[in-house]
Amino acid sequence: MVRTRESLGADLRRLGVRPGDTVLAHTSLSSLGWVCGGAVAVVQALLDVLGENGTLVVPAQTANNRDPSLWSDPAVDEADWPAIRANLPAFDPAITPSHRMGVIAEQVRTWPGARRSDHPQTSFAAVGARAEELMADHRLTSPLGEHSPLARLEEADARILLLGVGMAVCTSFHLAEYRLPDPPRRMNYCAVQKKGTGREWIEYPGIKLTDVDFGDLGKAFEAETDEVEVGSVGGAESRIFRARPAIEYAYAWLKVHRGQ
79 MVRTRESLGA DLRRLGVRPG DTVLAHTSLS SLGWVCGGAV AVVQALLDVL
129 GENGTLVVPA QTANNRDPSL WSDPAVDEAD WPAIRANLPA FDPAITPSHR
179 MGVIAEQVRT WPGARRSDHP QTSFAAVGAR AEELMADHRL TSPLGEHSPL
229 ARLEEADARI LLLGVGMAVC TSFHLAEYRL PDPPRRMNYC AVQKKGTGRE
279 WIEYPGIKLT DVDFGDLGKA FEAETDEVEV GSVGGAESRI FRARPAIEYA
329 YAWLKVHRGQ
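Start counting the sequence shown at 79; every next residue gets the next number (our numbering).
Okay, structure coming up:
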């Protein structure tokens, strides 16, 4: 069965995407079945439904911009670590591609008029009416915390769209991790471009984040609340729900299940 811009738009409307919404989308193109026009058609369908007052946001993260000692897929020989640290390209919001975020997210990142937050490891990209404000002020020491687009999406009463992917990839749950009492901490390392000095390899303190239990968290959120709408978009089981109650639920759930 052929999926098109028009048919995907109709599916998104049935699922509950509305004109004027601000939507953080996590997506899998392959899960939709064969789409005439591929990722371009999917983005067009999303923007059609959201309309001129809506905003589409996607993760545009670059987790590969990190210390080579943490690389695992593929791992690299320890003898090569110094050379990688010295030569890994600095993050540039305009040209650095996202890493393993999917072709739809990458399509949004490169869309005309797209805005991208400037965090070297956990950036987001947005197209639409609120793109500029949502992508502003993404602080280095708050990759997915209070000074990141996730917090502004929560404030904007945004909705989370899981298009053919599961709750395990729901990035917004990480914001709840930041709010846990005394979360575990770690140092982060990456290459950045600084005005006047050029490329630098830097370190900064952060929270030790994990999504290992997000699948279970998401199942509980769906089962215990009436927040999650489920339906088909193309050939993919998809979900949509508000960010704010999801983050509030995640905070309470993680406090219990992580013993905090």
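Every residue, glycine too, gets a C-beta built ideally from N, C-alpha and C.
Going by DSSP, N165 is part of the alpha helix (DSSP H) stretching over W159 to N165. In the three-state scheme derived from DSSP, where H, G and I count as helix and E and B as strand, V154 is classed as coil. Under a 10 Å Cβ-count criterion, S150 is classified as exposed, with fewer than 16 other Cβ atoms of the shown protein chains found around its own Cβ.
Out of R92, L222, P160 and G180, the CA that lies nearest to the CA of A254 is found in L222. In its chain, beyond the 5 residues on either side, H177 have a beta carbon closer than 6 Å to the beta carbon of N142. When Cβ pairs closer than 8 Å are counted between the two stretches, the region 154-164 is seen not to touch the region 110-126, the count staying below three.
As DSSP reads the structure, E281 sits in a beta bridge with Y267. Between the alpha carbons of A321 and V95 lies a gap of roughly 14 Å. Uninterrupted beta strand (DSSP E) stretches at least 3 residues long and entirely within the region 219-260 occur at 237-241, given in chain order. By the Cβ-count criterion, V290 is exposed, with fewer than 16 other Cβ atoms from all chains shown falling within 10 Å of its own Cβ. Checking the DSSP bridge columns, you'll see V311 partnered with A314. When only Cα atoms are considered, Q139 and T174 end up about 10 Å apart. Boundaries of the beta strand (DSSP E) harbouring P137: T133 to P137, taken from the DSSP string. The Cβ atoms of L134 and V186 sit closer than 8 Å to each other. P152 is positioned such that its CB atom lies no closer than 8 Å to that of R163.
In the three-state DSSP reduction, L102 falls in the strand class (E or B). From the listed residues A88, T303 and T200, the smallest Cα separation to M179 is found for T200.
One thing to note: L212 has its Cβ no nearer than 8 Å to the Cβ of H104.
Counted as a single uninterrupted DSSP element, the beta strand (DSSP E) harbouring F202 occupies residues F202 to G206.
Out of L102, S226, K272 and Q271, the CA that lies nearest to the CA of G284 is found in S226.
In the structure shown, the three-state DSSP call for G87 is helix. Cα atoms of G296 and A246: separation of roughly 7 Å, rounded to the nearest angstrom. In the three-state reduction of the DSSP assignment, K273 falls in the coil class, being assigned neither a helical nor a strand state.
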